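Before any comments, here is the structure.
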Amino acid sequence: MRIARNKKANASRDGALQLADANWDIIDDGGLRVVDLDQRLLHYAPVDVTRSLRYALARLQTSEKGDVRPRISVTSALSGEGVTFISRSLAALLANDLRRNVCLVDLNWWTSTNDAKSGHDQPERPLRGVAQVIDGKVSVDEALVWTQGWKLALLPAGFASPAERPVLAKAAGLVTLLDELGQRFDHVVLDVPPVLSTGEAITLASLGESFVLVVRQGVTAEVQVQSALQELRHLVPLGVVLNRASSRVPQRFVHLLAE
Amino acid sequence: MSRSFALRLLETFFRRWWLCLLPVVLLSGVGVASAASAKSNYFSHGVLYVESQTLLSKLTGTGSASNNTYLTPAQDADARLSSLIGTDEFIHSVIDRSGLTDAVNSGLVTVDQVRASIATSPSSANTLRITGSSLDPQVAFAVAKATIDSFIQWVIDASLSDSATAEKFLTELAETYKTDRDTTRAALDNYITLHPEPVIGLRKQTEQIEIDRLNADFTSANSRYTSTLSKAEDARLESAQTRSNVEGRLRRVDTPKIPTVSSFSKMKLIVQVAMFVFLGLVLSALAVFVGTITDKTLRSAEEVRNRLAVPLLAVVPESRGSVAQRQKTDLKAEAAATKGRRRRAKGDQPKNFEDVRQLEAQHANR
């Protein structure tokens, strides 16, 4: 897996990146791409997304502690708000812009993409992950998906049956795993399921020191966002990311109203 | 209205502008269709002057048109005429007077169409405007005229009903009494003829008694007859007064004329279409307003800042590309992935970022 920014920046890197450069002409548009060791594209953040998230990164850096917190939970009120996209993009930015070792831990066993038997036309996801590491079936190293040349690793959720999920969320092994990852990586970003959809989401979100709440514009009601914030009141809120924001209002109207 | 709410209104509109403008389009279509199907109608107007009391009614003490002091005479007459138009008897009277009986009987015109073609409205406190409308100017004129005539006749008939009844009754009674008087007179004359007065001396007492009795009968019958005649005359006078009073209270100021100009005008059609368009705009505005106030979602950074007690980190725009789309379209990347998978099948599983770098360096040297 690798993260690439743009052609010019890429040209200045060392030879280790040349393998990835072979694919530059294919998908380069200035955004961030996460490519695994098999050169398979696992995540792509367009340039306008990374530009927006850099503001978030700057705000996190200028927060009260003066730096981005080591362990951040990214969650939402309801499903489908883009938590996975934002958490992956945020982790990629942390690794790319701050040159930190970052591990993105997927704790969302509830998404249908995680269910190998769902039959949905979804990107293939590894069956080995957090669930198997906690069960002791695989080691952390075996489960980690590494990036090419960059400092981002991904720990998939792994397959867990509906009955296992609540047990995994409360397992002591999960805390131990995150502690271990915390020692190996500068930042651990947790992809947490929606707070109002799953009872275990609050427990999982509490594994982070602080949380980022993703709100999809025009979809999630304010009262639901307030409820989610109320559920997470015991945690430090870093802030809200308004996702998939778009406006159909012509700019001249916006400027007119601003005057 | 706050800037935030104004932006929400605009957002609601521009997100589904075609849906918001649907009422305007539909109602404009209806307006144009109704304008296209509009036919030239002719209107004939007549004006009645209505008074509640005349000088004659004041002097003679005959009744006024209405005891309702809250209505002007024209309003009172309008209410009465409107209620009359709803009755079959009155409308058939109008049909008969306007010469539309054959048309109604043949089904060319319905009673309801005739009813709908009559309109009344008080134009002042004492003037009542009666309008007849039709596609044919002659019919419009006839309907308006017949309505006025029928109404006046109806008022007269209604006012004369008591005195006319009395007059008829007394006239019939007088005829009976006249017969009685003639009979008694004939009996008296006949008796006197049969029993003439003796040349010498006095009548027999029995004859005188009979003559007195017959004379008394005649006097009584004559008295009844004379009295009844007097009463019948009073009733006739009352009828005349009432008729005069009604005619004084209801006077034709403007007699209906045959219209020469139809109601069809471009300006009216434009106004009609404009009203439909305006109604559509009102409905559209209402839809946008309702859509905005029922939308409880967060739509802008400003709303997040104002309504939530947590800071806003970023506003991530809608991204057009997705991983799945790229994976499907990126055939070269897939080919490279296949190549990479073959290499990784040899067991090159890194354990940290250093391993990754070494692995990449090896690949680069190859």
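So the protein lines, in turn, are chains Y and L.
For the first sequence, the numbering used here gives the first residue as 1, with consecutive numbering after it.
For the second sequence, the numbering used here gives the first residue as 260, with consecutive numbering after it.
Don't be surprised by glycine CBs; every beta carbon is placed ideally from N, CA and C.
Because the structure is a prediction, the values reported are computed rather than measured.
Item	Value
Which one of L:578, L:547, L:336 has the shortest CA to CA distance from residue 273 of chain L?	L:547
Under three-state DSSP, which class holds residue 123 of chain Y?	With a pLDDT of 48 at residue 123 of chain Y, under the threshold of 50, the modelled position of that residue is not reliable, and the figure given next carries that caveat. In this structure, residue 123 of chain Y counts as coil in the three-state DSSP scheme.
Figure out for me which residue from Y:213, Y:239, Y:253, Y:235 has the closest Cα to the Cα of residue 79 of chain Y.	Y:213
Entirely within the segment 120-196 of chain Y and at least 4 residues each: give me those alpha helix (DSSP H) ranges in chain order.	130-135, 140-143, 164-170, 172-184
Would you report the Cα separation of residue 418 of chain L and residue 498 of chain L, rounded to the nearest angstrom?	9 Å
Would you say residue 95 of chain Y lies against chain L (beta-carbon separation less than 7 Å)?	no
DSSP three-state call for residue 575 of chain L: helix, strand or coil?	strand
Residues of chain L with CB under 7 Å from residue 243 of chain Y, in chain order?	575
Please confirm whether residue 218 of chain Y has its beta-carbon closer than 7 Å to some beta-carbon of chain L.	yes
Would you check if the distance between the CB atom of residue 569 of chain L and the CB atom of residue 219 of chain Y is smaller than 7 Å?	no
In whole angstroms, give me the CA-to-CA distance for residue 22 of chain Y and residue 162 of chain Y.	Note that residue 22 of chain Y scores 35 on pLDDT, short of 50, meaning its location in the model is unreliable; the coordinates nonetheless yield the value given after this. Whole-angstrom Cα-Cα distance: 42 Å.
Below 7 Å between beta carbons: does that hold for residue 485 of chain L and residue 433 of chain L?	no
Three or more C-beta pairs under 8 Å: does that hold for the segment 291-306 of chain L against the segment 510-517 of chain L?	yes
Please state the DSSP three-state secondary structure of residue 339 of chain L.	helix
Check the DSSP bridge columns for residue 367 of chain L and list the partner residues they point to.	In DSSP, residue 367 of chain L forms no bridge with anything.
What are the start and end residues of each continuous beta strand (DSSP E) run of 3 or more residues lying completely inside the segment 69-108 of chain Y, in chain order?	71-76, 102-106
Kindly say whether residue 548 of chain L, judged by its beta-carbon, lies nearer than 7 Å to any beta-carbon of chain Y.	no
Go ahead and label residue 414 of chain L buried or exposed: buried means 16 or more other beta carbons lie within 10 angstroms of its beta carbon, across all protein chains shown.	buried
Judging by CA-CA distance, which residue of L:519, L:444, L:464 is the nearest neighbour of residue 482 of chain L?	L:444
Residue 128 of chain Y touches chain L at which residues, Cβ-Cβ below 8 Å?	Correct list: empty, because the minimum Cβ distance to chain L is about 11 Å.
For residue 242 of chain Y, count the other beta carbons within 10 Å of its own beta carbon; 16 or more makes it buried, fewer makes it exposed. Which is it?	buried
Locate the alpha helix (DSSP H) running through residue 403 of chain L, then write down its first and last residues.	396-453
Is the segment 92-110 of chain Y touching the segment 225-241 of chain Y, taking contact as three or more C-beta pairs under 8 Å?	no
Report the three-state DSSP secondary structure of residue 202 of chain Y (helix, strand or coil).	helix
Answer with yes or no whether the minimum CB distance from residue 59 of chain Y to chain L is below 7 Å.	yes
Between residue 564 of chain L and the rest of its own chain, which residues show a CB-CB distance below 6 Å, the 5 nearest in sequence each way excluded?	571
Give the single residue among Y:194, Y:228, Y:130, Y:143 whose Cα lies nearest to the Cα of residue 167 of chain Y.	Y:130
Between which two residues does the beta strand (DSSP E) harbouring residue 301 of chain L extend?	301-309
Rounding to the nearest angstrom, what Cα-Cα distance links residue 556 of chain L and residue 222 of chain Y in this structure?	5 Å
Taking Cβ positions only, does residue 240 of chain Y come closer than 7 Å to chain L?	yes
Among Y:156, Y:99, Y:138, whose alpha-carbon lies nearest the alpha-carbon of residue 110 of chain Y?	Y:156
Report yes if the C-beta distance between residue 217 of chain Y and residue 248 of chain Y is below 7 Å; otherwise report no.	no
Tell me the rounded alpha-carbon separation between residue 438 of chain L and residue 358 of chain L.	45 Å
Going by beta-carbon coordinates alone, are residue 363 of chain L and residue 540 of chain L separated by less than 7 Å?	no
What is the residue span of the alpha helix (DSSP H) that residue 484 of chain L lies within?	464-508
For residue 55 of chain Y versus residue 573 of chain L, is the C-beta distance shorter than 7 Å?	yes
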